[in-house]
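Worksheet for the structure shown next.
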Amino acid sequence: MKILNKSTNPLRDALRQREEQIYQLTTLVAGGFALTEVLDKLARAAVEITGVSACSIRLLDDETGELKMRSTFGLSEEYRNKGPVTKDDPVIKAAFAGQAVVIDDMRDDDRVKYKQASKKEGIVSQLTVKMEFKNKPVGVLRLYRPTYGGFTESDISLARSVASQCAVAITNAKNYARALQGAQIAEQMRLAGIIQRRMIPQTAPKMPPLDIAAVYKPCFGIGGDLYDFIKLDEDNLVVAIADVIGKGIPAALMMSSFRGMIRAYADGGHKRHTLAEIIQKLNATACYECRDGEFITLFYAIINTKAKTITYCNCGHEPALLFRGGKIRELKKGGLVFGVLKNAVYEIETIELKADDRLLFYTDGLIDAVNFSEKTWGVQNLYKTFRQCAAGTAQQIVNYILTYRRRFIGLARQMDDTSIVAIRITK
14 MKILNKSTNP
24 LRDALRQREE
34 QIYQLTTLVA
44 GGFALTEVLD
54 KLARAAVEIT
64 GVSACSIRLL
74 DDETGELKMR
84 STFGLSEEYR
94 NKGPVTKDDP
104 VIKAAFAGQA
114 VVIDDMRDDD
124 RVKYKQASKK
134 EGIVSQLTVK
144 MEFKNKPVGV
154 LRLYRPTYGG
164 FTESDISLAR
174 SVASQCAVAI
184 TNAKNYARAL
194 QGAQIAEQMR
204 LAGIIQRRMI
214 PQTAPKMPPL
224 DIAAVYKPCF
234 GIGGDLYDFI
244 KLDEDNLVVA
254 IADVIGKGIP
264 AALMMSSFRG
274 MIRAYADGGH
284 KRHTLAEIIQ
294 KLNATACYEC
304 RDGEFITLFY
314 AIINTKAKTI
324 TYCNCGHEPA
334 LLFRGGKIRE
344 LKKGGLVFGV
354 LKNAVYEIET
364 IELKADDRLL
374 FYTDGLIDAV
384 NFSEKTWGVQ
394 NLYKTFRQCA
404 AGTAQQIVNY
414 ILTYRRRFIG
424 LARQMDDTSI
434 VAIRITK
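Be aware that the sequence shown starts at 14, since it is given in the working numbering, and climbs by one per residue.
Put into structure tokens, the structure is as follows:
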């Protein structure tokens with residue numbers, strides 16, 4: 014039996030091959046590829062699908078809006094770098110207006126800016142079509158041939174189809190890059206938050222007769238609040254609580270630097286600085302480090318467990334609260350925030366402590382918390398809550414205050430960090 018060979022139709026086979034090539038572009042449309050990789054593959058595919066000798070892809074910059082050469086295929090590096098083609102170029106303007114611009118002879122057309130470069134490159138005719146995604150221009154696709162004319166309506170239709178697929182692939186690649194960058198930033202923020210929390214004491218020091226508890230709650234994973242405990246010797250403990258004005262990573266970096274300053278000056282090496290000297294040094298350093306609009310608040314205290322005293326300086330911070338005999342006293346002595354005036358003068362005060370005294374240190378995020386009705390929790394609610402829970406342990410005081418503030422604000426998102434330190438004098 015004689016087997017008949019299927020007859021071939023060159024035109025049909027060519028169309029099928031072209032459809033398959035266009036279909037291959039969908040792998041770039043759906044894939045998670047880097048933009049540079051996508052552009053290089055698109056330029057090659059555009060040449061293979063349309064049967065031209067060369068191709069260039071220019072994109073609008075997302076930030077500046079300028080048109081920039083991003084990829085070529087079949088063109089020399091010299092031609093690629095011949096000079097800029099802007100949005101004001103007549104061919105580009107016409108393409109962005111929706112026209113498919115055909116230039117039959119680039120060597121002798123007033124619309125062509127770089128005629129000599131075209132002659133040297135050996136390209137003669139050109140077709141330019143825009144690439145757009147959801148009616149928003151992305152860039153232009155240019156096809157080149159080494160012969161005069163030759164771009165037909167069929168070529169234009171095919172070029173538009175390729176340009177449409179290119180626009181989708183380019184947009185997806187940009188979105189993929191943004192998503193990847195967002196994931197990387199989120200991971201960096203997570204790691205920065207872990208590092209920052211390591212700097213803040215995880216447990217309060219045990220130093221009888223002091224019962225100490227503390228908590229730190231950043232509103233963005235990382236932030237500008239700080240509290241620290243520095244044991245100077247068997248009898249003296251530094252309690253410092255600060256707030257770097259700002260949010261996120263910049264505030265966290267400043268906080269990290271400032272924590273190092275506090276520890277360096279508190280220790281002082283062989284010569285221990287007085288509290289007044291420490292405050293002056295911290296302010297001078299802050300004035301050097303802070304930029305316009307940046308400053309730091311600090312409440313710095315030294316508690317002497319043997320003499321039962323607290324010596325403190327309030328540098329523009331929320332006043333610490335001393336609860337004794339049912340009354341609350343604000344510890345206000347001090348001066349300006351750090352980072353404003355290098356020669357600022359600060360007052361130091363020493364107070365005798367008694368058994369059953371309670372001390373509360375906090376940052377303004379505690380009292381500035383806002384609920385869905387845009388009402389602030391405020392100082393009065395803090396004082397009321399502090400009085401109600403003052404008989405408890407230091408940890409109970411912290412928990413009680415946070416619980417009652419949470420009842421007030423509900424699930425409303427807070428925009429400032431919160432730090433609390435509570436100390437009970439047990440005897």
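Glycine included, every Cβ here is placed at the ideal spot set by N, Cα and C.
Bounding residues of the alpha helix (DSSP H) (the contiguous stretch that carries residue i)
| i | result |
| --- | --- |
| lysine 95 | Per DSSP, lysine 95 belongs to no alpha helix (DSSP H) and is neither H nor E. |
| lysine 106 | 103-109 |
| glutamate 50 | 48-63 |
| glutamate 302 | 288-302 |
| threonine 416 | 407-422 |
| arginine 71 | Careful: arginine 71 lies outside any alpha helix (DSSP H), inside the beta strand (DSSP E) at 67-73. |
| valine 392 | 391-402 |
| glutamate 365 | Run containing glutamate 365: none in the alpha helix (DSSP H); it sits in the beta strand (DSSP E), 362-365. |
| leucine 379 | 377-380 |
Cβ neighbours of residue i in the same chain (closer than 7 Å, five flanking residues each side left out)
| i | result |
| --- | --- |
| arginine 337 | Lys367, Asp370 |
| methionine 14 | Residue confidence is low: methionine 14 scores 44 on pLDDT, short of 50, so the model does not pin down where it sits. No coordinate-derived value is stated. |
| valine 65 | Leu156, Tyr157, Arg158 |
| serine 69 | Met82, Thr85, Leu88, Arg155 |
| phenylalanine 164 | Val115, Ser138, Leu140 |
| leucine 28 | Only weak support is given to the placement of leucine 28: the predicted model assigns it a pLDDT of 49, under 50, and the value that follows is read from those uncertain coordinates. Within the same chain, leucine 28 has no close Cβ partners at all. |
| arginine 272 | Met212, Leu239, Asp241 |
| arginine 437 | Asp224, Arg371, Thr406, Ala407 |
| tyrosine 161 | Asp117, Asp118, Val137, Ser138 |
| tryptophan 390 | Ile380, Ala382, Arg418, Phe421, Ile422 |
| glutamate 365 | Lys321, Thr322 |
Residues that residue i bridges to, as DSSP identifies them
| i | result |
| --- | --- |
| phenylalanine 312 | Ile254, Asn327 |
| phenylalanine 336 | Ile341, Arg371 |
| glutamate 145 | Pro150 |
| methionine 6 | Past the boundaries of the shown model lies residue 6; the chain is included only from 14 to 440, so the question cannot be answered. |
| arginine 276 | Looking at the DSSP assignment, arginine 276 forms no beta bridge with any residue, so it has no partner. |
| glycine 352 | Glycine 352 is not bridged to any residue. |
| arginine 158 | Ser138 |
| threonine 85 | Ser69 |
| glycine 347 | Asn327 |
| valine 383 | Thr389 |
Supposed contact pair residue j and residue i - C-beta distance, whole angstroms, cut 8 Å
| i | j | result |
| --- | --- | --- |
| valine 175 | alanine 59 | 5 Å |
| asparagine 327 | leucine 354 | That pair is no contact at about 16 Å. |
| isoleucine 410 | alanine 253 | Wrong, their Cβ atoms sit about 19 Å apart, outside the cutoff. |
| leucine 373 | alanine 435 | 6 Å |
| arginine 426 | leucine 379 | Actually they do not touch by this definition, with Cβ atoms about 16 Å apart. |
| phenylalanine 399 | glycine 423 | No, phenylalanine 399 and glycine 423 are not in contact; Cβ-Cβ is about 21 Å, not under 8 Å. |
| tyrosine 359 | alanine 289 | 7 Å |
| alanine 108 | lysine 143 | 5 Å |
| leucine 295 | leucine 311 | 7 Å |
| isoleucine 316 | leucine 250 | 5 Å |
| alanine 113 | isoleucine 169 | 4 Å |
| arginine 71 | proline 103 | Contact flag wrong, Cβ pair sits at about 15 Å. |
| glycine 183 | valine 392 | Correcting the residue type first, residue 183 is isoleucine in the shown sequence and not glycine. Not confirmed; about 55 Å, so no contact. |
| glutamate 302 | serine 270 | 7 Å |
Distance cut-off 7 Å: residue i Cβ against heavy atoms of the ligand FMN
| i | result |
| --- | --- |
| leucine 88 | Looking at this structure, you won't find the ligand FMN or any other ligand, since it has none at all. |
As assigned by DSSP and simplified to three states, the class of residue i
| i | result |
| --- | --- |
| alanine 435 | strand |
| serine 138 | strand |
| asparagine 18 | Interpretation of asparagine 18 is limited by its pLDDT of 49, a score under 50 that renders its predicted location unreliable; no figure is taken from the coordinates. |
| arginine 124 | coil |
| leucine 80 | strand |
| asparagine 249 | strand |
| arginine 191 | helix |
| phenylalanine 164 | coil |
| asparagine 322 | Per the sequence shown, the amino acid found at residue 322 is threonine instead of asparagine. Three-state DSSP puts threonine 322 in a strand. |
| valine 181 | helix |
| alanine 172 | helix |
First through last residue of the beta strand (DSSP E) which encompasses residue i
| i | result |
| --- | --- |
| tyrosine 229 | 223-230 |
| lysine 440 | No beta strand (DSSP E) contains lysine 440, which DSSP labels as neither H nor E. |
| aspartate 241 | 238-244 |
| isoleucine 116 | 114-116 |
Cut-off 8 Å between Cβ atoms - residues of its own chain near residue i, not counting five sequence neighbours on either side
| i | result |
| --- | --- |
| threonine 99 | Glu79, Leu80, Ile105 |
| aspartate 101 | none |
| arginine 173 | Ala113, Val142 |
Neighbour flag for residue i against chain C, beta carbons, 8 Å
| i | result |
| --- | --- |
| leucine 193 | The chain labelled as chain C is not found in the depicted structure, where only one protein chain is given. |
Contacting residues, own chain, Cβ-Cβ under 6 Å from residue i (five flanking each side not counted)
| i | result |
| --- | --- |
| proline 214 | Phe242 |
| methionine 267 | Val257 |
| isoleucine 16 | Here the model assigns isoleucine 16 a pLDDT of 45, short of 50, so the residue's position is not dependable, and the following value carries that caveat. Cβ neighbours of isoleucine 16 beyond the five flanking positions: none. |
| lysine 95 | Tyr127, Ala130 |
| glycine 329 | Thr310, Leu349, Val350 |
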